[in-house]
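Protein chains in written order, with numbering that gives the first Met the number 0: chain B, 0 to 244; chain A, 0 to 244.
Don't be surprised by glycine CBs; every beta carbon is placed ideally from N, CA and C.
There are 2 protein chains.
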Amino acid sequence: MPSFDVLTVLPGLFSGFLTEGVIGRAIKSGKVSVKIHNLRDFTTDKHRVVDDVPYGGGPGMVLKPEPIFRAFDHICEERGKKPHVILTEPWGETFTQEKAVELSKKENILIICGRYEGVDERVKAIVDEEISIGNYVLTGGELPGMVIMDAVIRLMPGVLGCRDSLEADSFSDRGLMGYPNYTRPAEYRGMKVPKVLLSGHHKKIELWRKEKSIERTYLKNSELIKKLLKEKRFSKEEERIVREV
Amino acid sequence: MPSFDVLTVLPGLFSGFLTEGVIGRAIKSGKVSVKIHNLRDFTTDKHRVVDDVPYGGGPGMVLKPEPIFRAFDHICEERGKKPHVILTEPWGETFTQEKAVELSKKENILIICGRYEGVDERVKAIVDEEISIGNYVLTGGELPGMVIMDAVIRLMPGVLGCRDSLEADSFSDRGLMGYPNYTRPAEYRGMKVPKVLLSGHHKKIELWRKEKSIERTYLKNSELIKKLLKEKRFSKEEERIVREV
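This is the structure we're talking about:
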């Protein structure tokens, strides 16, 4: 069974994540194992101190190396092998869907949740990659840890039921945006569902969805459309739509 | 007091977020109010159904409009005014630190947690902006909701204590990466702290940190360095370092 170990100073933050929704069900049904480790359990002093002031001065506190190395040794022993180690870091490589696919093939992953102030640089001796989830500052690396696990676990075999999944289609494969969705009622507070979707005419519906998807993508990211056009990744019909928008 | 309302089908996912860490403390001490609303509480049928099949066919389920509009009406009435409404959406605008700063000045924010399959398009009539936290697919819009709240709440007055905060310095202001941090012990498992940091020589320490910050940034994002150089946003000393790396 694939496994995640998470090393954090705030294990309580993960309580909802471990029991609710798609991920909660995946853990409950044994599709994946997720174990949260409290960094403080790997300290040896009475006050269970995990951070200290930076050498050379400056603001903020730095996570000490010893508890992290001790936790790493413990997890390696418990799992019987060295996991793939990720450090969540505001200046790490930006997380993408391609990275999620790559990580979904790893057997054991350890996520060390960083803090914005920093982790003692020597910890990077055991880190395989530093990952950031985007260009914004968070209070800690715990939410990024959950985001990474969520994106990776949903790709694991048997995790997504058909109700949850959107089949990889030719739109999303090429990075095109989704088309507008509507469900019942056909009219609500004066707002109607586009007639074509009620027509039952599959060819027309498909064409309308293609138009909307290409139009939306063009408005948000015209570069992508130009790139796909250059690489001849549109069908003839799609190319005609592109020329129109 | 600034407030967040969150509309979700998985309220339990937020349990850790509301009580732990910096955000938990901010809520407890009355710096911000966060209220999680269960979308199912705004259904009127016995089975409390919140989604339905899409008009026109296709995979996945779509969040129905009525419970969302009913919840919106309820929240507007409860808060006495219309909140700023965000829909977490894989195809929305990408969240950034600038957006976090902008949102930290709003008084009332409502986050509607989308689902990957989609939300009935008519809901967008009440939505002010659609936000994505990055180019990856998640099981739902709840983690993005927490990421947005985390980034925004930490910027609110009185939320960050001096232990948590990293003063905005001239590095991060310009998008430069942080320098390596070290704390005690000076030697651990054969790995030593760079001598300069132990020297007590403040000028030298400052110079070393500048070098490391510029070097790291150059390796990850040389375009940014070129841009800052062009815009003359380096000091003379920094420019010399840039020429060297």
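Whether residue i touches residue j by CB criterion (8 Å)
i: Ile-125/A; j: Ile-147/A; result: no
i: Asp-4/A; j: Ile-67/A; result: no
i: Phe-244/B; j: Ile-213/B; result: Looking at the sequence itself, residue 244/B is Val, so the reference to Phe does not match. Yes. Within cutoff.
i: Asp-72/B; j: Thr-182/A; result: no
i: Thr-216/B; j: Met-176/B; result: yes
i: Gly-91/B; j: Cys-112/B; result: no
i: Phe-94/B; j: Ile-35/B; result: no
i: Leu-12/A; j: Gly-144/B; result: no
i: Leu-223/B; j: Gly-174/B; result: yes
i: Val-158/A; j: Ala-25/A; result: yes
i: Gly-15/A; j: Ser-14/B; result: yes
i: Tyr-178/B; j: Lys-211/B; result: yes
Per-residue burial, residue i [other beta carbons within 10 Å of its own, 16 or more giving buried]
i: Leu-218/A; result: exposed
i: His-46/B; result: exposed
i: Val-151/B; result: buried
i: Pro-156/A; result: exposed
i: Thr-43/B; result: exposed
i: Glu-141/A; result: buried
i: Asp-149/A; result: buried
i: Lys-104/B; result: exposed
i: Arg-121/A; result: buried
i: Arg-239/B; result: exposed
i: Arg-242/B; result: exposed
i: Lys-246/A; result: Residue 246/A falls outside the range modelled here, since chain A spans only 0 to 244, and no answer is possible.
i: Arg-114/B; result: buried
i: Arg-153/A; result: buried
i: Tyr-80/B; result: Rather than Tyr, the amino acid found at residue 80/B in this sequence is Lys. Flag for Lys-80/B reads exposed.
i: Ala-99/A; result: buried
i: Gly-55/A; result: buried
i: Ser-128/B; result: In the sequence as presented, Ser is not what sits at residue 128/B; that position holds Glu. Exposed: under 16 other Cβ atoms inside 10 Å.
i: Glu-88/A; result: buried
Beta-carbon contacts of residue i that lie in its chain and below 7 Å, excluding the five residues immediately before and after
i: Glu-116/A; result: Gly-59, Met-60, Val-61
i: Asp-119/B; result: Val-61, Leu-62, Lys-63, Pro-64
i: Phe-233/B; result: Leu-227, Val-241
i: Gly-57/B; result: none
i: Lys-202/A; result: none
First through last residue of the alpha helix (DSSP H) which encompasses residue i
i: Val-146/A; result: 141 to 152
i: Val-126/B; result: Segment: none, Val-126/B is in no alpha helix (DSSP H) and carries neither H nor E.
i: Gly-23/B; result: 20 to 27
i: Ala-132/B; result: The question names Ala, but residue 132/B in the sequence shown is Ile. Segment: none, Ile-132/B is in no alpha helix (DSSP H) and carries neither H nor E.
i: Val-100/B; result: 96 to 102
i: Val-241/B; result: 235 to 243
Other residues of its chain near residue i: CB distance less than 6 Å, five sequence neighbours each side excluded
i: Pro-53/B; result: Val-61
i: Arg-78/B; result: Asn-107
i: Ser-32/B; result: Met-0, Ser-2
i: Leu-102/A; result: Val-151
i: Pro-10/B; result: Ile-35, Asn-37
Residue i - partner residues in DSSP beta bridges
i: Gly-182/A; result: It should be pointed out that residue 182/A corresponds to Thr in this sequence rather than to Gly. Answer is none; Thr-182/A lacks a bridge partner.
i: Asp-50/A; result: Leu-62/A
i: Thr-7/A; result: Asn-37/A
i: Tyr-187/A; result: Met-190/A
i: Val-118/B; result: Leu-62/B
i: Ser-32/A; result: Ser-2/A
8 Å CB neighbourhood of residue i in its chain, flanking five on each side removed
i: Lys-237/B; result: Note that residue 237/B corresponds to Glu in the displayed sequence, not to Lys. Contacts found: Lys-209, Ile-213.
i: Leu-38/A; result: Leu-6, Thr-7, Val-8, Val-49, Leu-62, Pro-66, Ile-67, Ala-70
i: Leu-228/B; result: Glu-238, Val-241
i: Leu-109/A; result: Phe-3, Asp-4, Val-5, Leu-6, Phe-71, Ile-74, Pro-82, His-83, Val-84, Ile-85
i: Leu-17/B; result: Gly-23, Ile-26, Val-33, Ile-35
First and last residue of the uninterrupted beta strand (DSSP E) at residue i
i: Ser-221/B; result: Not the beta strand (DSSP E): Ser-221/B falls in the alpha helix (DSSP H), residues 221 to 229.
i: Val-84/A; result: 83 to 93
i: Ile-108/A; result: 107 to 112
Residue i Cβ short of 7 Å to the ligand MG heavy atom set
i: Leu-109/B; result: What this structure holds is no ligand at all, so the ligand MG is not there to describe.
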